[in-house]
Structures are given as structure tokens and as C-alpha cells.
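Undergrad:
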Amino acid sequence: MNTLPKSQSILLIDDSITQYLMLQALVKGKNWQIAHASSLEVAQERLEAITYDLILLDLHFPTGSATQFLVQTKRTCPVVVVTGSSEPDKWLAVLQEGASDLVLKPFNFVALTQRIQFWLSQEDLSNDPGSTFDQIEAQKLISLMGAGDWLQTVSLFADISRDALKQLKLNFPNHEDLKRLAHTMKGEAPIFGAKQLGFHGKRIERMFNATVPIDFEVELTILHTLFQAWEVQRLAWSKTQLTQ
Amino acid sequence: MTILIAEDSPVVQKVAAKVFNFQKINVLVARNGQELKEKVATPGLRLVFLDIQIPIADGFECITFIRDSADQAINQLPVYAMTGNAANLSEADYIAKGFTGLIQKPIDYDKLVQMVLQYRD
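Top line first, the protein sequences correspond to chains A and B. Per the working numbering, numbering of the first sequence is gapless, rising by one per residue and ending at 1314. Per the working numbering, numbering of the second sequence is gapless, rising by one per residue and ending at 230.
1. Could you have a look at Phe1203 of chain A and say whether DSSP puts it in helix, strand or coil?
2. Taking the alpha helix (DSSP H) that Arg1116 of chain A falls in, what are its first and last residues?
3. Could you tell me whether any Cβ in chain B is nearer than 7 Å to the Cβ of Phe1188 of chain A?
4. For a cutoff of 7 Å on Cβ pairs, would you count Val1282 of chain A as touching chain B?
5. CB-CB under 6 Å to Leu1127 of chain A, same chain, minus the five flanking residues each way: which ones, in chain order?
6. For Ile161 of chain B, return the contacting residues in chain A, with the cut-off set at a CB-CB distance below 8 Å.
7. Any Cβ of chain A within less than 7 Å of the Cβ of Val77 of chain B?
8. How many angstroms separate the CA atom of Ser1231 of chain A from the CA atom of Asn194 of chain B?
9. Answer yes or no: do Pro152 of chain B and Asp117 of chain B have a C-beta to C-beta separation smaller than 7 Å?
10. What's the call for Ala1228 of chain A, buried or exposed, on a 16-neighbour Cβ count within 10 Å?
11. Say whether chain A places a C-beta atom closer than 7 Å to the C-beta of Val124 of chain B.
12. Is the shortest distance between the beta-carbon of Pro1176 of chain A and the beta-carbons of chain B less than 7 Å?
13. Between the segment 205-222 of chain B and the segment 1167-1186 of chain A, do at least 3 Cβ pairs fall closer than 8 Å?
14. What does Gln1078 of chain A pair with, by DSSP beta-bridge criteria?
15. Could you say if the segment 1155-1167 of chain A and the segment 1086-1097 of chain A meet the contact criterion of at least three C-beta pairs nearer than 8 Å?
16. I need the straight-line Cα distance from Gln1078 of chain A to Gln181 of chain B, nearest angstrom please.
17. Check each candidate in B:Gly207, B:Tyr189, B:Leu226, B:Ala205 and name the one with the smallest Cα separation from Ala115 of chain B.
18. Whose Cβ in chain A lies nearer than 8 Å to the Cβ of Phe158 of chain B?
19. Excluding the 5 residues preceding and the 5 following Gln1103 of chain A in the sequence, name in chain order all residues of the same chain whose CB lies nearer than 6 Å to its CB.
20. Ser233 of chain B: buried (16+ other C-beta within 10 angstroms of its C-beta) or exposed?
21. Any beta-carbon of chain A closer than 7 Å to the one on Tyr228 of chain B?
22. If you drop the 5 nearest sequence neighbours on each side, which residues of the same chain put their C-beta closer than 7 Å to that of Phe131 of chain B?
23. Does the separation of the CB atoms of Thr1088 of chain A and Val121 of chain B fall below 7 Å?
24. On the three-state DSSP scale, how would you describe Ala1181 of chain A?
25. What does the alpha-carbon distance come out to for the pair Ile112 of chain B and Gln1138 of chain A?
26. For the alpha helix (DSSP H) containing Asp202 of chain B, list its first residue and its last residue.
27. Looking at the structure shown, is Gly210 of chain B part of a helix, part of a strand, or coil, going by DSSP?
28. Can you look up Met110 of chain B in the DSSP assignment and give me helix, strand or coil?
29. Residues in the same chain with beta-carbon distance under 8 Å from Arg176 of chain B, minus the five sequence neighbours each way, listed in chain order, please.
30. In this structure, does DSSP put Met1215 of chain A in helix, strand or coil?
31. Return the chain-ordered list of same chain residues with a C-beta closer than 7 Å to the C-beta of Leu1317 of chain A, the five sequence neighbours on each side being excluded.
32. Return the residues of the segment 127-160 of chain B that lie within a Cβ-Cβ distance of less than 8 Å from chain A, sorted by chain order.
33. Answer yes or no: does any C-beta atom of chain A fall closer than 7 Å to that of Pro215 of chain B?
34. Give, in chain order, every unbroken run of the alpha helix (DSSP H) that is at least 4 residues long and sits entirely within the segment 152-199 of chain B.
35. Let me know the secondary structure DSSP gives Asp1159 of chain A once reduced to three states.
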């Protein structure tokens, strides 16, 4: 007997009905169900009652912000923020509050579908321990810090300003540098037990492999945020070592 | 109200139909320049969106056809160019060629709907 695979459900939180209709047309023929919440309040009610596989969240609402929503709402699936905002400060804020990804509006349909597909194919991240540092990992970190260029790369990334990011964008001809970096992240992550790091590395690498059009500024901002968080953690850890 | 979208991408056709039908706007689709030339004479047509790179007759040939028409209902139609390669030409260049304006791709459907609703009587 043939059984149909269970369809996956996506909750679009956006006050525009047009975005919902567009998405519905886009996913026709795919095994995805789109639900719509036109406000953050409605979204909260729905999330209390129903479990979704993915949330697409607009950045701006008349009665609140996506950042607030991310802080306040308990969720069990990845959240992809969709925004027409060209302010990296706002991108960073949502990424720092736990959004998994960010896609710019107006949508490139191919890229949007690929991103949705990618996030739906990921395992549940709600129990992700993140970059936890136990003693064994810490020892490995020390030895790698002594020898590896990789941490230096990370530190450099974490230190550069956002203006410099825009300049960096010009220095990634043929995507090769970013591709290499993504590959390194993926490879190094298991050593550090840093699931998120490996996850993002994998994501970036996969986007290159799938030749999905990517937005460099967004990708670099994501990397930047990730590395900053990593660097803060690393410095905090070093401090505890010094005081012991 | 009826609008015509000359566009060979099935995804854009599908999305436009869904979005505009909800607003009770009838959407005609032309998949190439030849179909545009036939459908532009549809009675009650209010607005045209014309992708520059449609097959058979491209956007520039189509706009000349529309503006040169002896029928006022056709030659006076608002016609917006749609393109993802706006780097070479500015909106002013498209206007100089007879277009009413330029829609950049990827299309911002929120803005597009607002714009179309302004043409509703």
C-alpha cells in the first residue's frame, strides 16, 4: 500500500494577505501546507494550539516587532525572518534573538523555495544545546587556538565593523573564500561540539552547491553574528581559565 | 477590472493570478509577444505589465505595436515594463520608449497590488 508522506506545515506571520496568497501559489504542488496569521497575537494563539514545521515571520507589525515575538514566544521549529528592511541592525537583532535565517523581500522565488526546503529538511533544533563548552572540548579548543588559523579567522570576523562587511563583499570574487570558510566551519564544528556553527556552515555550503542565488550582505551578516557570539563565548571561557 | 500580464515565467503567471483574483481583478496572461498583440485588444482591458524579454516579439517591439495602434483604447493603455536587468536602462529610458513606468524584478507584490488598485474605477 502506498502511503503519502505527511505534509509539512508552515505558518506565515505577516500582516499582508498578498504575501500569503503569493506563498500559496508558490507552494502549489508541493507537500506543504501554508497557514496564515495576520498579527503577532493571532500567531501566538495558533502556536499554542498547533505545532508547525517552519515559521516565516515578517519583521514589522503595527502592534509589535518580530524581535519581541522571538523573545516572548515558545516555539519548536526554525523561524525564518522575511523582511524588506535594508537595515543590518534589524537583521542582527532577530538573528541574535534566535531566528534561524533571514530572507529579503521582494522574494526571488527560486531562492525562497530552496530556503524553505532547506529548513524543512532540518531536524528539530529546539533541543539544540548550542555551543556548550565542556572540559574535553575546552582542551581541544586550547590546542586548536595554539595552532589553527581558523580561530584567528573567526576573531577577525567578529572584530570587523559592519561597514567593513560591505567592503568585504567586494572581496569575495567567485564566492571561493566564503565557500572555503563555510567548509571549514562545517569541518571544525564537531570538534568544538558547536552544533550551530556546523549547521550554518552546512547551510552556506549547501546554498553554494545548489547554486541558489544568495544575498552576500545577508550571508556575511549571519556569519558575523555567529562569529561574534562564538568569540564572546571563547573570551568568557578564557577568563574563567585565568581566574582559576 | 482586467489586466494583462505578458510574461513567460509560469511561476509569475501563477502568483499574479492568485494575488489579483483575490482582489477581484481579472488577469489575462500572454506567454509571448504574439499572444500580447492578440490580447491587447480585449475589451475592458485597463492595464498591461510587459516583461521585456518575452519570446517571439520582445517588450520593445510590443510597446511600439501598442503605441502605434490606430485604436485609442489600445494606444492609450498604461503599459509597465518589467525587468530584472535594470542596470542598463533607467526608468526614464523606458518611459522615453513609450512605457508608463518600470517594475523591477523580483516583483514586490505588495507594491504592485497597491499600484493596480489605483487604476480601479
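Ideal placement from N, C-alpha and C gives every residue a C-beta, glycine not left out.
TA: If we stick to the structure as given:
1. The count along the first sequence starts at 1 and reaches residue 1203 of chain A at position 133. For Phe1203 of chain A, the predicted model reports a pLDDT of 29, less than 50, meaning its position is unreliable and no value from the coordinates is stated.
2. In the first sequence, residue 1116 of chain A corresponds to position 46, counting from 1. Where Arg1116 of chain A is concerned, the enclosing alpha helix (DSSP H) stretches over 1110-1119.
3. One-based indexing of the first sequence puts residue 1188 of chain A at position 118. It does not; no Cβ of chain B falls within 7 Å.
4. To locate residue 1282 of chain A, count along the first sequence from 1; it is residue 212. Note that Val1282 of chain A scores a pLDDT of 47, beneath 50, so its modelled location is shaky and nothing firm can be said.
5. One-based indexing of the first sequence puts residue 1127 of chain A at position 57. Result list for Leu1127 of chain A: Ile1083, Ala1136, Val1149, Val1151, in chain order.
6. Position 52 of the second sequence, counted from the start, is the residue given in the question as residue 161 of chain B. Residues of chain A passing the Cβ test: none, with the nearest at roughly 18 Å.
7. Outside the shown range of chain B (110 to 230) lies residue 77 of chain B, about which nothing can therefore be said.
8. Working through the first sequence from its first residue, we reach residue 1231 of chain A at position 161. Working through the second sequence from its first residue, we reach residue 194 of chain B at position 85. Caution applies to Ser1231 of chain A, whose pLDDT of 43 falls short of 50 and renders its modelled position unreliable; the value that the coordinates give is listed next. Distance between the alpha carbons of Ser1231 of chain A and Asn194 of chain B: 31 Å.
9. Taking the first residue of the second sequence as position 1, residue 152 of chain B is located at position 43. Taking the first residue of the second sequence as position 1, residue 117 of chain B is located at position 8. Contact: no.
10. By 1-based counting over the first sequence, the position of residue 1228 of chain A is 158. Because Ala1228 of chain A sits at a pLDDT of 49, beneath the cut-off of 50, its placement in the model cannot be relied upon, and the following sentence gives the value as read from the coordinates. By the neighbour-count rule (16 or more Cβ atoms within 10 Å), Ala1228 of chain A is buried.
11. The count along the second sequence starts at 1 and reaches residue 124 of chain B at position 15. Yes, Val124 of chain B lies at the interface with chain A (some Cβ there is under 7 Å from its Cβ).
12. Your numbering for residue 1176 of chain A matches position 106 in the first sequence. True, the Cβ-Cβ gap to chain B drops below 7 Å.
13. yes
14. For the purposes of this step, residue 1078 of chain A is identified with residue 8 of the first sequence, where counting begins at 1. Beta-bridge pairing links Gln1078 of chain A to A:Trp1102.
15. no
16. By one-based count along the first sequence, residue 1078 of chain A stands at place 8. By one-based count along the second sequence, residue 181 of chain B stands at place 72. Cα to Cα, the separation comes out at about 51 Å.
17. Numbered from its first residue, the second sequence carries residue 115 of chain B at position 6. Comparing Cα positions, the closest option is B:Tyr189.
18. Working through the second sequence from its first residue, we reach residue 158 of chain B at position 49. Correct list: empty, because the minimum Cβ distance to chain A is about 15 Å.
19. Numbered from 1 along the first sequence, position 33 holds the residue referred to as residue 1103 of chain A. Contacts found: Ser1077, Ser1079.
20. Since the first residue of chain B shown is 110 and the last is 230, residue 233 of chain B is not available in this structure.
21. Along the second sequence, one-based indexing puts residue 228 of chain B at 119. Taking Cβ atoms only, chain A never reaches closer than 7 Å to Tyr228 of chain B, which makes this a no.
22. Position 22 of the second sequence holds residue 131 of chain B. So no residue of the chain qualifies.
23. Here residue 1088 of chain A refers to the residue found at position 18 when the first sequence is read from its first residue. Here residue 121 of chain B refers to the residue found at position 12 when the second sequence is read from its first residue. Cβ atoms of Thr1088 of chain A and Val121 of chain B: not closer than 7 Å.
24. In the first sequence, the residue the question calls residue 1181 of chain A occupies position 111. Residue state, collapsed to three classes: helix.
25. In the second sequence, counting from the first residue as 1, residue 112 of chain B sits at position 3. In the first sequence, counting from the first residue as 1, residue 1138 of chain A sits at position 68. Their Cα atoms are separated by approximately 40 Å.
26. Stepping through the second sequence from its first residue, residue 202 of chain B is reached at position 93. Taken as a continuous stretch (DSSP letters only), the alpha helix (DSSP H) holding Asp202 of chain B covers 200-205.
27. Position 101 of the second sequence holds residue 210 of chain B. Correct three-state label for Gly210 of chain B: strand.
28. Within the second sequence, numbered from 1, the residue matching residue 110 of chain B stands at position 1. Looking at Met110 of chain B - three-state DSSP - the assignment turns out to be coil, as it is neither helix nor strand.
29. Translated into positions along the second sequence, residue 176 of chain B becomes position 67. Closer than 8 Å at Cβ, skipping near neighbours: Asn184, Gly207.
30. Numbered from its first residue, the first sequence carries residue 1215 of chain A at position 145. With a pLDDT of only 34 at Met1215 of chain A, under the threshold of 50, the placement of this residue in the model should not be trusted, and no figure is reported.
31. Outside the shown range of chain A, which is 1071 to 1314, sits residue 1317 of chain A, and nothing can be said about it.
32. Lys127, Val128, Phe131
33. Numbered from its first residue, the second sequence carries residue 215 of chain B at position 106. Closer than 7 Å to some Cβ of chain A, the Cβ of Pro215 of chain B qualifies, so yes.
34. 168-176, 181-184
35. Position 89 of the first sequence, counting from 1, holds the residue named residue 1159 of chain A. The answer is helix: DSSP assigns Asp1159 of chain A an H, G or I state.
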